[in-house]
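Peer 1: I'd like to ask some things about the structure below.
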C-alpha cells in the first residue's frame, strides 16, 4: 500500500463467483473493466468535472498550479552502483520522466550525465502509456552496464521487464524480457536472473503474486527457468534481493507470511536454498539487504544465537561468516521511546545507517562492524517538522544519497561518501514564501487516554477561529508519517495554492503506524482498528478546542489506507468535518478480500470469516455505514481504472452509496495512474479539481 514498503487477494475467479446479497446491490461496480461499471464511472466523472470546472476559483487555481509546477522540477531519484549513477528526473516538459546515466570518482558528485531513456518519447513511439518503476530498476554487478527496467502499462502494479544497455542506451534485442504481469527480478550475475512471475499459467498465491522463484539463464525461454523455491499456499508474497561480491554473491528471498511475519532465505549460486536463523516475527524494512548482510528488526522478544533479545532490537546476519556463531550480531538495542522510522536503513560495506524517531523528532545513527562487534555513533536531532532519509545506497561502498526536507523546508539531496563528506546533488527552489508559517509539534489525548502527537503547519499571524485546515494521516501497516516538502501524501505542489491563501495543515501520528514501534502498529490492527479513528478525531477536537478553526472549515484527505481513514471520518464523525477527499481508498472492508490485492491485507484488517472481527469491521467500514437521513459533508472520491492494488470498486461503491442517500459527492476516475493517480505532474487537471473542491467547500 512509499518506497516503500513501502510497497501486496482471493483469486479473481473466487471474487467473481462470490454471490451478491441484498445488502450489497452495488457489487457490480467492483469489476474494474466491466462495461456497465465503466459507463457509470465515466458518466459520473464527466458530471463531476463539469460541476467543479464551474466553481468560482477553478480557473485561478488551475493557472496557479501550472505556474508552480513550471517554476521548478521535483527531486530526482538516484541509483548508486559503484562508479555508475542513474538519475530519473520528471518535469513539466517530461512528466513521465527521463532516465540518465553518469559517472563518479571517489566521493565526488556524479557527472557527465547522458540521457538514455525518455519515457514520454517511449510512450509515443510504442503507443502504450508506460510508467517507469524506478524503485524496481536493477543492474548486473560489477560492471553495472546491463539493467532490468520495469515498465508499467497505465501506471498499475503489473510490469513488463526488459533488459537495457546503459552503454548503447537501447533495449537489448535478444535480452531478458517478459510480458506484463506481477514480475520481479534480481541479477545473480550478468547471465542469470532470479525471477518470480505468474505468466503463462505459472502458479500464483491467493493474493495473485507469484508462488515460485526461478533461476533464469540468458538465452533460454522464461518457461525453461529452473524453479529453486516454492512459497507455501497461504503465503502473501515474496520479494527478491541480492548481495555479496564475485563468487560470494547470493540471492535473498524474503517470504512474507503476512505483514508481521517474514522468513529470510539464501539462494546460492548453484540454485540451492538455505534457511537463516533470523526470527520470523520481524518488521517490514525498506532496504535491509547489503554489504553481505541481512538486517532485521525484531517485532517481539526472541532468542537469537542463544541470546534473549527484546522487541525492536536490530540484528544483522552475516551471510559469509565462516563461524556460524558469529553470523548474527546486535546492531542496535531498543532505546527509550526511540524507534526506527519507517524501516529506514542504509546498509553499506562496513556498516549501516539508520533513521530513528522519538515523538516526531528524527536523528541518524550509524553502526559500524568491527572485530569486537558493532559500535554506534548518534547524529544530531533534527528540528521538529523536518525529516531525513536515504535516497539511494551504493552496494559497493558506504556511499548514500541523503534526503532532507520539512513541511517548510525544500528538498535537499546530498551524496555522502565513504569519508563522510557531503556533496550537494539537488536543492529545490522554494515553491512559496514560508516565512509567514510555523510548524508545531503538539499532542492531543485520545478517547482511551493515549497521547497522540501531531504536526501543525499554520500561518503565524492569521486570525484564529476560521482558518481553513486540511488534515491527513495513515495509521496502518506500521507506516510512519514523516514531514515532507509538498510530498505526494500532502498533495504535492497542489498544496501551494492552499497555503498561499492562508490555509493550515495538520498531520496526526495515529496508532496503526510505526511512529512508536511495533506496539504502536499492533495497537490498531484487526479488531482494534477503531483506535486509529479515535486518535484522529481526538486531534481534530483538540484543534477545534484550541480555537484555530471550526468543523465547517476542516477537510480530510488521504490516499490508500489514508483514503479509508478519510472516508471513515466522513461517515463516522461527519460533525467534525466540512469536506472529505478519499483517494484510491479502501471503503468496503467486508468485501476487501475480493478486490485488488485485498486478501493480502486480511492480517492487518481482520478476517471477516471470524464473527467477532466481522462485527468490528462492519462497525467502521465506510460503505456499510452510509445511511439515509444522516447529514454528510461533501465527498470527493478519486481513483484510476488501472489501480490493481486496491481496485476501483471501493471508490465506485462508496460514491454510488453516498448518491443513493442523497449525500453531496463528486466522483473522478482516470483511466491511467494506478495507485498513484493523484500526481500533479502527470494529472494537474485532477489535482486542480481536488483543490477547487476543497476551496469551494471549506471557505
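In our numbering, the protein residues as written are 19 to 717. C-beta atoms are modelled at their ideal positions from N, C-alpha and C, and glycine is treated no differently. Here the structure is a predicted model, which means the values were calculated and not measured.
1) Does residue 450 come out as helix, strand or coil in the three-state DSSP assignment?
2) What residue does the alpha helix (DSSP H) around residue 64 start on, and which one ends it?
3) Measure the alpha-carbon distance for residue 252 versus residue 285 and round it to whole angstroms.
4) Nearest by alpha-carbon distance to residue 64: which of 694, 697 and 656 is it?
5) In terms of residue numbering, what span does the beta strand (DSSP E) encompassing residue 631 cover?
6) Taking only three categories from DSSP, how would you classify residue 513?
7) With a CB to CB cut of under 7 angstroms and the five nearest residues on each side skipped, what residues in its chain are close to residue 338?
8) Using 8 angstroms as the threshold, is the C-beta distance between residue 67 and residue 517 below it?
9) What residue range does the beta strand (DSSP E) around residue 539 cover?
10) Beta-carbon separation of residue 693 and residue 175 under 8 angstroms?
11) Ignore the nearest five residues each way along the sequence and tell me which others in residue 576's own chain have a CB closer than 6 angstroms to its CB.
12) Between the segment 171-189 and the segment 125-136, do three or more beta carbon pairs fall short of 8 angstroms?
13) May I have the straight-line CA-CA distance separating residue 126 from residue 120, to the nearest angstrom?
14) From what residue to what residue does the beta strand (DSSP E) around residue 136 run?
15) State yes or no: is the C-beta of residue 601 within less than 8 angstroms of the C-beta of residue 581?
16) In this structure, how does DSSP classify residue 622 when only helix, strand and coil are distinguished?
17) What does the alpha-carbon distance come out to for the pair residue 598 and residue 231?
18) Beta-carbon separation of residue 359 and residue 380 under 8 angstroms?
19) Starting from residue 155 and walking both ways along the alpha helix (DSSP H), at which residues does that stretch end?
20) Would you please state the rounded distance, in angstroms, between the beta carbons of residue 569 and residue 595? I believe it to be under 8 angstroms.
21) For residue 183, which residues in the same chain have their Cβ closer than 7 angstroms to its Cβ, ignoring the five residues on either side in sequence?
22) I'd like to check one pair, residue 204 with residue 217: are the Cβ atoms closer than 8 angstroms?
23) Can you name the residues that DSSP bridges to residue 169?
24) Note the first and the last residue of the continuous beta strand (DSSP E) segment covering residue 360.
25) In the segment 657-692, which residue ranges form an unbroken beta strand (DSSP E) of at least 3 residues, counting only runs that do not cross its ends?
26) Are residue 560 and residue 423 closer than 8 angstroms when you measure CB to CB?
27) From residue 40 to residue 609, what does the alpha carbon distance come to, in whole angstroms?
28) Counting along the chain, where does the beta strand (DSSP E) carrying residue 469 start and finish?
29) Could you say which of 356, 403, 408 and 620 lies nearest to residue 396 if we only look at CA atoms?
30) Output the distance between the C-alpha atoms of residue 427 and residue 142, rounded to the nearest integer angstrom.
31) Compare the beta carbon distance of residue 488 and residue 369 with 8 angstroms and say whether it is the shorter of the two.
32) In three-state terms, what does DSSP make of residue 557?
33) Compare the beta carbon distance of residue 550 and residue 493 with 8 angstroms and say whether it is the shorter of the two.
34) Quick check: what's the CA-CA separation for residue 260 versus residue 544?
35) Using 8 angstroms as the Cβ pair cut-off and three pairs as the minimum, do the segment 89-96 and the segment 700-707 touch?
36) How many angstroms separate the CA atom of residue 128 from the CA atom of residue 325?
Peer 2: Inspection of the coordinates gives the following:
1) coil
2) 53-71
3) If I take the Cα positions, the gap works out to 22 angstroms.
4) Of 694, 697 and 656, the smallest CA-CA separation from residue 64 is found for 656.
5) It is not in any beta strand (DSSP E) - residue 631 instead sits in the alpha helix (DSSP H) that spans 629-638.
6) helix
7) 262, 266 and 310
8) no
9) Counting along the chain, residue 539 falls outside any beta strand (DSSP E), though it belongs to the alpha helix (DSSP H) covering 536-540.
10) With respect to the 8 angstroms criterion, residue 693 and residue 175 are classified as neighbours on the basis of their beta carbons.
11) 490, 583 and 584
12) yes
13) 12 angstroms
14) 129-136
15) In contact: residue 601 and residue 581 (Cβ atoms closer than 8 angstroms).
16) helix
17) 43 angstroms
18) yes
19) Neither: residue 155 is in no alpha helix (DSSP H) and is coded neither H nor E.
20) 6 angstroms
21) 163, 164 and 190
22) no
23) 150 and 178
24) 357-365
25) 683-688
26) no
27) Note that residue 40 scores a pLDDT of 38, beneath 50, so its modelled location is shaky; the value from the coordinates is reported in the next line. Approximately 14 angstroms, taken between the alpha carbons.
28) Run containing residue 469: 469-477, per the beta strand (DSSP E) assignment.
29) For the options 356, 403, 408 and 620, the alpha carbon positioned closest to that of residue 396 is the one of 356.
30) 37 angstroms
31) Their beta carbons are not under 8 angstroms apart, which means residue 488 does not touch residue 369 by this criterion.
32) helix
33) Judged by their CB atoms, residue 550 and residue 493 are nearer to each other than the 8 angstroms cut-off.
34) 34 angstroms
35) Cβ pair count under 8 angstroms is below three, so no.
36) Cα to Cα, residue 128 sits roughly 44 angstroms from residue 325.
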